[in-house]
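Enquirer: Handing you a structure now.
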Amino acid sequence: MAGPIPILKIGPTLLATIQLELHDTVVDSFQTDVLEEIEKTGASGLIIDISALETVDSYVARMLANTAKMAKLMGTETVIVGMRPEVAATLVRMGYFMEGITTALSLEEGLQLQRQRSDAGDTE
Amino acid sequence: MISPSGNAQDSTQTWEIRIDKEADIVAVRQQVRELAKELRFDQFAVAALTTAASELSRNVWVHAQKGVARVSVVWNGRKVGVELELVDQGPGIANLERALAGGFSTSKSLGLGLSGTKRLVDEFHIESEPGRGTKVVIRKWKKEF
Amino acid sequence: MQQVRHPDYMEILKLNDEELHRRLAFFEVTEEDVARLTGLKSFAERWTHDITEGLYELIMGQPESRAFFPDQATLARVKKLQNAYFLGLFSGKYDLNYVRDRLRVGMAHERIGMPPKLYLGAYRRYLALIHARLLEHFKGNASEAAKALESIRKVIFFDMALAIDTYIAAYLETMTRHQAAIRELSTPVIKVHDRILLLPIVGTVDTQRAHQIMDTVLLQVVEQQAKVMILDIAGVPVVDTKVADHILKTTAAVQLLGAQTILTGISASVARTVVQLGLEITRMYTRSKLSEGIELALTIVGKKITSKQDHTGGERN
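Residue numbers (my numbering), protein chains in the order written: chain A, 1 to 124; chain L, 125 to 269; chain E, 270 to 586.
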């Protein structure tokens, strides 16, 4: 794993914690790393923790949404956790609603959601 | 041509940041964020201002690759505020009205997001002509109550 | 990060050179006055002590004003400052530094809580004392004394205006702080149950209030880690496109955080308006009664309200 954003494995779920200012090289390596890890580990879930992000502009929001889409193509469901209240307020005020992504208040809730999803998936 | 609001007094403290690499977007963001925090804007206002700064400086980077950002403290007699000016000699915007009216572009590239950014600040002025570059000035005042 | 200067009264009162000259003009402080005042410097030095004593005789003679000078040390220090103040009137330099200085005097009085009536009453005595000394100084030449008194009076009134301005500026600051408190109280987010929050919105919702509602709601959702946020709008008199837009944005933001919203208190007329306006609120939970909203919220968190009689096997004590 090359980039600066750490990706851990918790059971069938990957947890990526974003703790820095995001700019293009970081974003590129993040997406690559995540997808490679999914491939390598066969993780069924991905949690992206953005609790450290004070600013999420449309570029970052698009990046997160795209990462979730890429993961989904590989069969992995994404949950974004830890969004700060001011980040949610700003995105909505801009008119950027981040359709189609799943969010949860905390890591615990995110993991719970993943578990529920995989339980549901098992019955298929 | 719209010019900045006349009732803002001359700013007393200005920080200038050249934008000619992608990392400069982060620099502008950080300067704006630090200033807003130091002036004790609430966290929502800090986020709005910082995000607006990020959107606008990214526009400069993406469309002009080169420009200047000026961050200042401003007074309007009763309230303190932050002003951000971005100037570039890029291609300019052909249809300003449409750029300001539309929502976010869902395509990968030319999302200017100006209308969204406008909603995050109190004052938004833009001058742009194809071939003549773009100048954007935004101001956000600290809520007194 | 460089130091940022915080607002001071000079800025709040817009006291720049322009304003200064406007004031000096309105108080009719002329070159002649300035010359006369600088010419009276020796008079000032001779009598300042005396005049200060006379002033404090009044102040210490009245219980209300005496209370501000509880001990000898404070009194001595203040008298010294008063002397300096008096001499300042004759400096001949009525520039922004002079103004800044005078503002500090006003601020000091406001801060200790001395009411304007005492402040102005003291100024009145001050002028009376000065008048008496001037008559002595000009050896009975009443017209010269009158001219001198007039010049002094102009500058003293100029100073009083500044003092009053600082009182006003200080009161304004207090008012805005109170306004902040009122705004907070008008957005009472209530914890109905574990991880279920409720905000009853009562009264008109303008843009500013809507902004504040969203901020407060989002802060509470994160702080309380709420799973459900109930917004009750039964108390909102008019729900038009703007208000609906504010409400929708707030619910969208709550959902963006990962929590659910339930909108309750939707009256028949609101339901009609919303659909007629073509507004999209089909994607969130809505109920007409708050009680239904609460029951739904409980369901979402995996709970429900049951009647005690439902339990078979008797009650536990």
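Note that beta-carbon positions come from the ideal geometry of N, C-alpha and C, so glycine has one too.
(1) Would E280(E) pass as an interface residue toward chain L - the criterion being a Cβ-Cβ separation below 8 Å?
(2) Helix, strand or coil for Y96(A), going by three-state DSSP, please let me know.
(3) With a CB to CB cut of under 8 Å and the five nearest residues on each side skipped, what residues in its chain are close to E146(L)?
(4) Does the pairing of the region 529-545 of chain E with the region 100-108 of chain A give three or more beta-carbon distances under 8 Å?
(5) Report the three-state DSSP secondary structure of H462(E) (helix, strand or coil).
(6) Within 10 angstroms of the Cβ of W265(L), are there 16 or more other Cβ atoms? Answer buried if so, exposed if not.
(7) Okay, do the region 3-13 of chain A and the region 24-35 of chain A touch, 3+ Cβ pairs below 8 Å being the bar?
(8) Note the first and the last residue of the continuous alpha helix (DSSP H) segment covering W316(E).
(9) Only counting the same chain, and skipping five residues up and downstream in sequence, which positions put a Cβ closer than 7 Å to that of D302(E)?
(10) For chain L, is any of its Cβ atoms less than 8 Å away from the one on E86(A)?
(11) Which term fits K232(L), buried or exposed, when burial requires 16 or more other beta carbons within 10 angstroms of its beta carbon?
(12) Rounded to a whole number of angstroms, what is the C-alpha to C-alpha distance between H462(E) and E564(E)?
(13) Considering just the uninterrupted stretch of the beta strand (DSSP E) at V474(E), what are its terminal residues?
(14) For T55(A), return the contacting residues in chain L, with the cut-off set at a CB-CB distance below 8 Å.
(15) List, from N- to C-terminal side, the alpha helix (DSSP H) runs of 4 residues or more that fit wholly inside the region 146-189 of chain L.
(16) Verify the CB distance criterion: does R194(L) have a CB-CB separation below 8 Å to chain E?
(17) Using a Cβ cut-off of 8 Å (strictly closer), state whether V150(L) contacts chain A.
(18) From V486(E), G571(E), T520(E), Y440(E), pick the residue whose C-alpha is nearest to that of P385(E); which is it?
(19) Using a Cβ-Cβ cutoff of 7 Å, what residues of the region 321-355 of chain E are near chain L? List them in chain order.
(20) For a contact meaning CB atoms closer than 7 Å, what does D28(A) contact in chain L?
(21) Give me whichever residues DSSP pairs with H249(L) in a beta bridge.
(22) Give the DSSP bridge partners of S196(L), in chain order.
(23) Would you identify the three-state DSSP class for I48(A), choosing helix, strand or coil?
(24) Going by other Cβ atoms of all chains shown within 10 Å of its Cβ, with 16 needed for buried, is E326(E) buried or exposed?
(25) Cβ closer than 8 Å: which chain A residues qualify as neighbours of V474(E)?
(26) So Q529(E) is in the beta strand (DSSP E); what residue range does that whole segment cover?
(27) Mind checking whether H378(E) and F312(E) have CB atoms under 8 Å apart?
(28) On the three-state DSSP scale, how would you describe A401(E)?
(29) I320(E) and F355(E) look like a contact to me (Cβ under 8 Å); what is the Cβ gap, rounded to whole Å?
(30) Going residue by residue through the region 336-367 of chain E, where are the continuous alpha helix (DSSP H) segments of at least 4 residues, counting only ones entirely within it?
(31) Within a Cβ cutoff of 7 Å, which residues of the same chain sit near T76(A), ignoring the five residues on either side of it in sequence?
(32) Just the Cα atoms here: how many angstroms apart are L113(A) and P457(E)?
(33) Please confirm whether F165(L) has its beta-carbon closer than 8 Å to some beta-carbon of chain A.
(34) Which whole-angstrom value describes the C-beta separation of A503(E) and L559(E), a residue pair presumed to lie in contact below a C-beta threshold of 8 Å?
(35) Is it right to say T510(E) is buried, meaning 16 or more other beta carbons lie within 10 angstroms of its own, or is it exposed?
(36) Which residues bound the alpha helix (DSSP H) around V26(A)?
Expert: With the structure as the only source:
(1) What you label residue 280(E) is simply residue 11 of the third sequence in a count that begins at 1. True, the Cβ-Cβ gap to chain L drops below 8 Å.
(2) Position 96 of the first sequence, counted from the start, is the residue given in the question as residue 96(A). Reduced to three states, the DSSP call for Y96(A) is coil.
(3) Walking along the second sequence from the start, residue 146(L) turns up at place 22. So the qualifying residues of the chain are W185.
(4) no
(5) Working through the third sequence from its first residue, we reach residue 462(E) at position 193. In this structure, H462(E) counts as strand in the three-state DSSP scheme.
(6) Here residue 265(L) is taken as the residue at index 141 of the second sequence, counted from 1. Its Cβ being crowded by 16 or more others within 10 Å, W265(L) is buried.
(7) yes
(8) For this step, residue 316(E) is matched to residue 47 along the third sequence. Element bounds for W316(E): 310-330.
(9) The residue given as residue 302(E) occupies position 33 in the third sequence. Same-chain partners within the cutoff: S420, K423.
(10) Counting from 1 along the first sequence, the entry for residue 86(A) is found at position 86. By this cut-off, E86(A) is an interface position.
(11) Locating residue 232(L) in the second sequence gives position 108, where the first residue counts as 1. Because K232(L) sits at a pLDDT of 36, beneath the cut-off of 50, its placement in the model cannot be relied upon, and the following sentence gives the value as read from the coordinates. Classification for K232(L): exposed.
(12) Counting from one through the third sequence, the residue named residue 462(E) turns up at place 193. Counting from one through the third sequence, the residue named residue 564(E) turns up at place 295. About 11 Å.
(13) For the purposes of this step, residue 474(E) is taken as the residue at position 205 of the third sequence. Taken as a continuous stretch (DSSP letters only), V474(E) belongs to no beta strand (DSSP E), as it is neither H nor E.
(14) To locate residue 55(A), count along the first sequence from 1; it is residue 55. R153, R157, A171, T174, T175, S178, listed in chain order.
(15) Taken in chain order, the unbroken stretches of alpha helix (DSSP H) that lie wholly in the region 146-189 of chain L and span 4 residues or more are 147-162, 167-183.
(16) Start at 1 with the first residue of the second sequence, and residue 194(L) comes out as number 70. No, because no Cβ of chain E sits closer than 8 Å to the Cβ of R194(L).
(17) In the second sequence, the residue the question calls residue 150(L) occupies position 26. Cβ-Cβ to chain A under 8 Å: yes for V150(L).
(18) Residue numbering aside, residue 385(E) sits at position 116 when the third sequence is read from its first letter. Measuring from the Cα of P385(E), the nearest candidate turns out to be Y440(E).
(19) Within the region 321-355 of chain E, no residue qualifies.
(20) Position 28 of the first sequence holds residue 28(A). Within 7 Å Cβ-Cβ: nothing; D28(A) doesn't reach chain L, min ~11 Å.
(21) Counted from its first residue, the second sequence places residue 249(L) at position 125. DSSP, once it has assigned bridges, lists V261(L) as partnering H249(L).
(22) Taking the first residue of the second sequence as position 1, residue 196(L) is located at position 72. Bridge partners of S196(L): T138(L), E207(L).
(23) If you number the first sequence from 1, residue 48(A) lands on position 48. Looking at I48(A) - three-state DSSP - the assignment turns out to be strand.
(24) One-based indexing of the third sequence puts residue 326(E) at position 57. Result: exposed.
(25) Mapped onto the third sequence, residue 474(E) falls at position 205. Neighbours of V474(E) on chain A: none; closest Cβ ~16 Å, over 8 Å.
(26) Here residue 529(E) is taken as the residue at index 260 of the third sequence, counted from 1. Element bounds for Q529(E): 529-533.
(27) The residue labelled residue 378(E) in the question sits at position 109 within the third sequence. The residue labelled residue 312(E) in the question sits at position 43 within the third sequence. It is not a contact, given that the beta carbons lie outside the stated cut-off.
(28) By one-based count along the third sequence, residue 401(E) stands at place 132. Looking at A401(E) - three-state DSSP - the assignment turns out to be helix.
(29) Translated into the one-based positions of the third sequence, residue 320(E) becomes position 51. Translated into the one-based positions of the third sequence, residue 355(E) becomes position 86. Indeed, because the Cβ distance is near 6 Å, the residues count as touching under 8 Å.
(30) 341-357
(31) Here residue 76(A) is taken as the residue at index 76 of the first sequence, counted from 1. The residues are I38, A43, S44, G45, L46.
(32) Here residue 113(A) refers to the residue found at position 113 when the first sequence is read from its first residue. Here residue 457(E) refers to the residue found at position 188 when the third sequence is read from its first residue. Roughly 30 Å between the two C-alpha positions.
(33) What you label residue 165(L) is simply residue 41 of the second sequence in a count that begins at 1. Cβ-Cβ to chain A under 8 Å: no for F165(L).
(34) Position 234 of the third sequence, counting from 1, holds the residue named residue 503(E). Position 290 of the third sequence, counting from 1, holds the residue named residue 559(E). That belief holds up - the Cβ atoms of A503(E) and L559(E) are roughly 7 Å apart, short of 8 Å.
(35) Position 241 of the third sequence holds residue 510(E). T510(E) should be labelled exposed.
(36) Start at 1 with the first residue of the first sequence, and residue 26(A) comes out as number 26. It spans 24-41 - the alpha helix (DSSP H) in which V26(A) sits, taken as one unbroken run.
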